[in-house]
Amino acid sequence: DQQVKQNSPSLSVQEGRISILNCDYTNSMFDYFLWYKKYPAEGPTFLISISSIKDKNEDGRFTVFLNKSAKHLSLHIVPSQPGDSAVYFCAARYTTNSGGSNYKLTFGKGTLLTVNP
Amino acid sequence: KAGVTQTPRYLIKTRGQQVTLSCSPISGHRSVSWYQQTPGQGLQFLFEYFSETQRNKGNFPGRFSGRQFSNSRSEMNVSTLELGDSALYLCASSWTGRTEAFFGQGTRLTVV
Numbered sequence: 006d007q008q009v010k011q012n013s014p015s016l017s018v019q020e021g022r023i024s025i026l027n028c029d030y031t032n033s034m035f036d037y038f039l040w041y042k043k044y045p046a047e048g049p050t051f052l053i054s055i056s057s058i059k060d061k062n063e064d065g066r067f068t069v070f071l072n073k074s075a076k077h078l079s080l081h082i083v084p085s086q087p088g089d090s091a092v093y094f095c096a097a098r099y100t101t102n103s104g105g106s107n108y109k110l111t112f113g114k115g116t117l118l119t120v121n122p
Numbered sequence: 297k298a299g300v301t302q303t304p305r306y307l308i309k310t311r312g313q314q315v316t317l318s319c320s321p322i323s324g325h326r327s328v329s330w331y332q333q334t335p336g337q338g339l340q341f342l343f344e345y346f347s348e349t350q351r352n353k354g355n356f357p358g359r360f361s362g363r364q365f366s367n368s369r370s371e372m373n374v375s376t377l378e379l380g381d382s383a384l385y386l387c388a389s390s391w392t393g394r395t396e397a398f399f400g401q402g403t404r405l406t407v408v
């Protein structure tokens, strides 16, 4: 049962245009969402996150939008650059204990973004 | 501050053998998680250790095990290797109560 889904395995965008990566989830207990970027032969690196109490978080060229009613989040990259070409993973967190200190992350399968010069 | 270090980077093993992978977290991080990445499957959670105790576990067979030492370093062991165990194994560490996990470069395991 995949609780975090990235339905687009790949996305190709022209340099300077907007890249929109999508993520859907099924577990309403998720309270925090993250995006990671991964280059080949490297580990994923944290990009941006958003709490479930917000609907938007912006950091430079990267903006994450959260639609809780639709259980959907998206990552916008504007403008896209060739160096953004990587696999992007969406991840969702829920707290596994009542003390609020035990978290578990669930990842999607990733979307390969290619930004063409 | 040094990042998460995983050793070895590459490993080739034969079916039926066992393997141990090592992970040194960022200094001060007490939580260490392990993930398996295979083509088309994304990052699948194996287990998480905190203060030498396994706190969470994914849906992997008992051949996959791990442990954490008092200095927060962690090891992952896979026994009776199968061809399907070939994957990139990633370790991530995080500070207590924090969400953003920092990943190592991974160990590429090939089972032949």
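In order, the protein sequences belong to chains A and B.
Each residue of the first sequence is one higher than the one before, starting from 6 at the first, in the numbering used here.
Each residue of the second sequence is one higher than the one before, starting from 297 at the first, in the numbering used here.
Quick reminder that beta carbons are idealized off the backbone N, C-alpha and C, glycines included.
For this session: Could you tell me which uninterrupted beta strand (DSSP E) segments, each at least 3 residues in length, are contained entirely in the region 37–118 of chain A, listed from first to last along the chain?
Result: 37–43, 50–56, 61–64, 67–72, 77–82, 91–100, 108–112
For this session: Grab me the residues of B/Q314's own chain with a C-beta within less than 6 Å of its C-beta, minus the 5 sequence neighbours each way, in chain order.
Result: S375
Exercise. Does any C-beta atom of chain A lie closer than 8 Å to the C-beta of B/G338?
Worked result: yes
For this session: In the DSSP assignment, find the unbroken beta strand (DSSP E) run with B/V315 in it and report its ends.
Result: 315–320
Exercise. With distances taken between CB atoms, is the gap from B/F399 to B/V300 smaller than 8 Å?
Worked result: yes
Exercise. Would you say B/N352 reaches chain A, if we count a Cβ-Cβ gap shorter than 8 Å as a contact?
Worked result: yes
Problem set entry | Beta-carbon spacing of A/P49, A/P87 below 8 Å | no
Problem set entry | Neighbouring residues, chain A, relative to B/G402 (Cβ below 7 Å) | G48
Exercise. Enumerated in chain order, which unbroken segments of the beta strand (DSSP E) with a length of 3 residues or greater are wholly contained in the region 328–379 of chain B?
Worked result: 338–346, 349–353, 360–364, 370–374
For this session: Less than 8 Å between the CB atoms is what I'm expecting for B/G338 and A/K76, so what's the real figure, rounded?
Result: Contact doesn't hold; Cβ gap of about 18 Å is too wide.
For this session: Have a look at A/S54 and A/L26 and give me their C-alpha separation to the nearest angstrom.
Result: 14 Å
Exercise. Does the beta carbon of A/T119 come closer than 8 Å to any beta carbon on chain B?
Worked result: no
For this session: Out of A/I58, A/L39, A/P45, state which residue places its alpha-carbon closest to the alpha-carbon of A/F51.
Result: A/L39
Problem set entry | Residue burial classification, B/M427 (beta-carbon count within 10 angstroms, cutoff 16) | Past the edges of chain B, shown from 297 to 408, lies residue 427 of chain B, and the structure says nothing about it.
Problem set entry | Rounded separation between B/R351 and B/E344 - CA only | 6 Å
For this session: Can you check DSSP and say which residues form a bridge with B/A388?
Result: B/S329, B/F399
Problem set entry | For A/D29: DSSP bridge partner residues | A/K10, A/H77
For this session: Output the distance between the C-alpha atoms of B/R363 and B/L386, rounded to the nearest integer angstrom.
Result: 15 Å
Exercise. So with Cβ pairs under 8 Å, would you call B/F360 a contact of chain A?
Worked result: no
Exercise. From the beta carbon of B/F341, is the nearest beta carbon of chain A less than 8 Å away?
Worked result: yes
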